[in-house]
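Asks: Read in order, the letters of the sequence shown correspond to residues 3 to 251 in this note's numbering.
Glycine is no exception: its CB is placed at the ideal position from the N, C-alpha and C atoms.
I have a structure I would like to understand better, so I am pasting it below and will then ask my questions one at a time.
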Amino acid sequence: MRVLVTGSAGAIGRAVCARLMASGHEVVGLDLRPTENVARSIVGDVASRAVWDDALAGCGAVVHLAAALEFDEYDFIRDQVPANVVGVYHMFEACIVAGVKRLVLASTVQVAGAFFKKGMPLLRVADGTWPYNTYGCTKVFMEEMGKMYARNEKMTVIAARIAYLPRDVETAREMSARGRRIYLSHDDAGRFCERAVTAEGEKLAPGSFHAMYVTSRIPDGPILDLTEAREVLGWEPVDVYPAGMPFAV
């Protein structure tokens, strides 16, 4: 299958592209910088509808990882709205035209970040959303858009509430004990997205939407419930910290 991966040059994107390519899929990478080791690399901005129309040609699925995070001196209107709001709208509308019916959206545990600040022992999808920053709010928006388009356009939309994936060896080494309880390895991220793209079943029928938390295997005291990933996709994490990273810790 030809699969579009946005944010393909990032830490998660590289892992997802590698897994999909190794499994025989034709990966189109879309990012603000070139993507290595994919069938086609597109340098472009997800806030541009024309970029989406080009990138989606011939694709059967989308893994949407591109987003603007919060960082020092960021501006919500300048930095987050184009990628996280305008880009999401263009994605869904372009998918309608291209006939793409399977979308895997990279949401975040930050859609429920305020629950963490209360110290909830186990967070379930059924607990709802409670973001504590604007990034989390934009991901709630994306999930709600996913629900609407799934229902209205008979798409199958999976919103993966991704846990903490270390981008480099320094952050991996500095992870606190609590941070390791929401650890997601690069390899598990790749395996999850491949499963989300290819899984079949009644729960993934056209018109379905599922939000789910995604972490690696947490032997002692997980704080994110993975029930939806298991029941909808039949997915199980493999790695335990620090396994599954592309660098030694």
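Note down, in chain order, each residue of its chain lying with its Cβ closer than 7 Å to the Cβ of S25, except the 5 sequence neighbours on either side.
Replies: E196
Asks: Between L105 and G15, what straight-line distance do the alpha-carbon atoms span, to the nearest angstrom?
Replies: 15 Å
Asks: Identify, in the order they occur along the chain, each residue of the same chain with its Cβ nearer than 7 Å to the Cβ of M265, setting aside the five sequence neighbours on each side.
Replies: A question about residue 265 goes unanswered here, because the residues of the chain that appear run from 3 up to 251.
Asks: Taking Cβ positions, are A41 and R4 nearer each other than 9 Å?
Replies: The answer is yes: Cβ separation under 9 Å.
Asks: CB L206 to CB Y215, shorter than 9 Å?
Replies: No.
Asks: State the DSSP-derived secondary structure class of R2, mapped to helix, strand or coil.
Replies: Residue 2 cannot be examined here, being either before or after the span of the chain that is shown, 3 to 251.
Asks: For R35, count neighbouring Cβ atoms within 10 angstroms of its own Cβ and tell me buried if that reaches 16, exposed if not.
Replies: exposed
Asks: Measuring CA to CA, which of D33, V199 and R180 is closest to M122?
Replies: R180
Asks: In three-state DSSP terms, what is T131?
Replies: In the structure shown, the three-state DSSP call for T131 is coil.
Asks: Between G138 and V127, what straight-line distance do the alpha-carbon atoms span, to the nearest angstrom?
Replies: 15 Å
Asks: Scan the region 61 to 141 and note each continuous alpha helix (DSSP H) run of 4 residues or more that stays entirely inside, going in chain order.
Replies: 89 to 100 and 115 to 120
Asks: What's the call for V7, buried or exposed, on a 16-neighbour Cβ count within 10 Å?
Replies: Classification of V7: buried, given that the 10 Å Cβ count is 16 or more.
Asks: Identify, in the order they occur along the chain, each residue of the same chain with its Cβ nearer than 6 Å to the Cβ of V88, setting aside the five sequence neighbours on each side.
Replies: A49
Asks: Determine the extent of the alpha helix (DSSP H) in which H188 is found, giving its start and end residues.
Replies: H188 to T200
Asks: Can you pull the DSSP bridge partners for I160?
Replies: V106 and H212
Asks: Given a cut-off of 9 Å on the beta-carbon distance, is the pair S109 and M144 in contact?
Replies: yes
Asks: Tell me which residue opens and which closes the beta strand (DSSP E) that L235 is part of.
Replies: Element bounds for L235: not the beta strand (DSSP E) but the alpha helix (DSSP H), T229 to L235.
Asks: Between the alpha carbons of A59 and H66, how many angstroms are there, rounded?
Replies: 15 Å
Asks: Can you give the Cα-Cα distance for V53 and P221, rounded to whole angstroms?
Replies: Distance between the alpha carbons of V53 and P221: 42 Å.
Asks: Identify, in the order they occur along the chain, each residue of the same chain with its Cβ nearer than 8 Å to the Cβ of I164, setting aside the five sequence neighbours on each side.
Replies: I14, A108, S109, T110, V111, L186, A191 and V216
Asks: Is the separation between the beta-carbon of A161 and that of H212 shorter than 9 Å?
Replies: Taking 9 Å as the cut-off, the beta carbon of A161 is found closer than this to the beta carbon of H212.
Asks: Near T131, which residues of its chain fall below 7 Å by C-beta distance, leaving aside the five closest residues on each side in sequence?
Replies: The beta carbon of T131 is closer than 7 Å to those of V113, A114 and V142 in its chain, skipping five residues each way along the sequence.
Asks: Pop quiz: Y134 and A152 are said to be a contact at Cβ under 8 Å. What is the actual Cβ separation, rounded to whole angstroms?
Replies: So it is not a contact: roughly 27 Å between Cβ atoms.
Asks: Considering only C-alpha positions, which residue in the set V199, I184, G209 and A201 is nearest to L228?
Replies: I184
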